[in-house]
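Chains as they are written, first to last, in full-length UniProt numbering: chain A, 1 to 155; chain B, 1 to 155.
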DNA sequence: TATTGTTATACTCTATAACTATA
DNA sequence: TATAGTTATAGAGTATAACAATA
């Protein structure tokens, strides 16, 4: 969101613009396929069993159970997912992706993958790329570390 | 913002959560120093000469000339910056950071730096860290590349 | 009483337009 | 007329609360 001007290596100054671009890429690609980024996330997450309820689905992609309703209304209306009341618990809905929805999710994922690959090509040889991804994984794990979060993210 | 489930290395799935955490870190640290992230960005950018006008300052940090007004009102009211009409062009304001504002910017930057360093410590030896930063720079530059943007970011 | 889906409401951040004073 | 600063307004995205049906 913001520059953090410091003398040394500025991690935020490197990562934040990159994240902004990746978000724009997701938005652009999803849009070309007639989806919002959340709709694509829903489709992609729901495409892999086990089937989930609406709430679980929302939670699985970091969305919320309130907003997912309208998106599912739209996806269902376009024949990309089906919503059926669970016979064992009539409060909850089972979400299933139709073959059409599955194809759409796959083609979107393919384009998205091609776009990020075209970005990653800037990093050079294969082993540099692997090292980058490994380092990013280490950072991602540290981000989830309770100790680090308690020390640095408490208000 | 969103998961991009693909088979191979998922750049967005690695970078986006990291960016979210870095943003949360900035928000948290700035808040501890009584600032919003934008206010900190303003203070940090204005702290280094050449002195700028409001609009240039906003542009320099990716902010906009409308919203910076209220932030400068606040910063000025707290004695962290001064706003003086430019004598050569009475339409524009010259923004200057006070010694107090400078100290606040520095202490905030120090904490921010310490937080990201604690993250980067997860990456291991010094040369791995350097390689990561170099790779991120390459990605950042590729993000700005007109060819890539035209191919992947057009709507 | 608790939970699932649903709807309504409010809040934050951002984007656009319009006004003033200077040039 | 054009520009810098300012103000007001509208929009997207998000978060919170309340409701009906079901358990």
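We put the beta carbon where it would ideally sit given N, CA and C, even for glycine.
Report the rounded CA-to-CA distance for residue i versus residue j, giving the unit in angstroms.
i                      : j                      : result
residue 24 of chain A  : residue 137 of chain B : 18 Å
residue 118 of chain B : residue 126 of chain A : 28 Å
residue 140 of chain A : residue 47 of chain B  : 32 Å
residue 159 of chain A : residue 79 of chain B  : Nothing about residue 159 of chain A can be reported from this structure: the residues present for chain A run from 1 to 155 only.
residue 134 of chain B : residue 85 of chain A  : 52 Å
residue 42 of chain A  : residue 13 of chain B  : 15 Å
residue 103 of chain A : residue 144 of chain B : 31 Å
residue 153 of chain A : residue 20 of chain A  : 22 Å
residue 129 of chain A : residue 93 of chain A  : 42 Å
residue 61 of chain A  : residue 56 of chain B  : 39 Å
residue 142 of chain B : residue 89 of chain A  : 50 Å
residue 162 of chain B : residue 87 of chain A  : Absent from the model: residue 162 of chain B. The displayed extent of chain B is 1 to 155, so no value can be given.
residue 54 of chain A  : residue 15 of chain B  : 27 Å
residue 149 of chain B : residue 17 of chain A  : 13 Å
Considering only residues of the same chain and omitting the five flanking positions on each side of residue i, which have a CB-CB separation below 6 Å?
i                      : result
residue 37 of chain B  : 26, 27 and 30
residue 111 of chain B : 29
Give me the chain B residues within the contact set of residue i, using Cβ-Cβ distance strictly less than 9 Å, ordered along the chain.
i                     : result
residue 46 of chain A : Within chain B, no residue comes near residue 46 of chain A; the closest Cβ sits about 11 Å away, beyond 9 Å.
Whose CA, out of the options, lies closest to the CA of residue i?
i                      : options                     : result
residue 97 of chain A  : A/52, A/123 and A/114       : A/52
residue 9 of chain B   : A/12, A/16 and A/121        : A/121
residue 82 of chain A  : A/88, A/73 and A/111        : A/73
residue 151 of chain B : A/114, A/11 and A/130       : A/114
residue 95 of chain B  : B/17, B/11 and B/50         : B/50
residue 99 of chain A  : A/15, A/44, A/142 and A/16  : A/44
residue 105 of chain B : B/11, B/15, B/32 and B/18   : B/32
residue 77 of chain A  : A/89, A/101, A/132 and A/18 : A/101
Anything in chain A within Cβ reach of residue i, meaning under 9 Å, just list it in chain order.
i                     : result
residue 28 of chain B : 152, 153, 154 and 155
residue 31 of chain B : 155
Interface residues of chain A around residue i at Cβ under 7 Å?
i                     : result
residue 17 of chain B : 140 and 143
residue 9 of chain B  : 133
Can you list the residues of chain A that residue i reaches, using a CB-CB cut of under 8 Å?
i                     : result
residue 97 of chain B : None at all; the shortest Cβ gap to chain A is about 12 Å.
residue 25 of chain B : 12, 152 and 153
Quick one: what's got a C-beta closer than 7 Å to residue i's C-beta in the same chain, skipping five residues either side?
i                      : result
residue 58 of chain A  : 64, 65 and 68
residue 132 of chain B : 123
Only counting the same chain, and skipping five residues up and downstream in sequence, which positions put a Cβ closer than 8 Å to that of residue i?
i                      : result
residue 39 of chain B  : 30, 71, 74 and 75
residue 116 of chain A : 22 and 25
residue 147 of chain A : none
residue 35 of chain B  : 43, 104 and 108
Strictly below 7 Å CB to CB, what residues from chain B border residue i?
i                     : result
residue 21 of chain A : 143
Chain A contacts made by the region 127-154 of chain B, where a contact means CB separation under 9 Å: 128, 129, 130, 131, 132, 133, 134, 135, 136, 137, 138, 139, 140, 141, 142, 143, 144, 145, 148, 149, 151, 152, 153 and 154
Chain A contacts made by the region 93-123 of chain B, where a contact means CB separation under 7 Å: 109, 112, 113, 115, 116, 118, 119, 120, 122 and 123
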